[in-house]
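Report on one structure; see the data block that follows.
Residue numbers (my numbering): 963 to 1061.
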C-alpha cells in the first residue's frame, strides 16, 4: 500500500526505523511516474548531545526514465519521524518493504 508523504508532517519513526522503503513520485519535468529501489531508513543518533544533532539521513540518486533528469533522494530520520525529500518531484509516496 502506497502512503502519500505529507510535506509538513513526518512519517512515524516507529513504523519505519530499521525497515526498507520504496518511493514513488512524479517527475516535475516530464510527469513520468518514477519508482525507486528499496532505500534504508536510518535510525536517529540516540547518543547525540541534543535533539537537533540526532538527525540522520541517507542520500541516493535516480535518473528519470522519461527525461533522464537526475533526482536526489533524501531520507531524513529524527525522533520526530521520517521525511522523504525528492528533488524536482511532486506527489511523493512511500511503501514499506514486507521483507
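Cβ atoms here follow ideal geometry from the backbone N, Cα and C, with glycine treated the same way.
C-beta contact flag for residue 1048 and residue 1035 at 7 Å: Note that the C-beta distance between residue 1048 and residue 1035 is below 7 Å.
Residues of its chain near residue 995, where Cβ-Cβ distance is below 7 Å and the 5 sequence neighbours each way are ignored: Counting only residues of its own chain and dropping the five nearest sequence neighbours on each side, residue 995 has a CB closer than 7 Å to the CB of 986, 988.
Burial state of residue 1000, where buried means 16 or more other Cβ atoms lie within 10 Å: Under this definition residue 1000 is an exposed residue.
Delimiting residues of the alpha helix (DSSP H) encompassing residue 977: Unbroken alpha helix (DSSP H) run through residue 977: 975-978.
From 976, 979, 977, 998, residue whose alpha carbon lies closest to that of residue 1055: For residue 1055, the closest of 976, 979, 977, 998 by C-alpha to C-alpha distance is 998.
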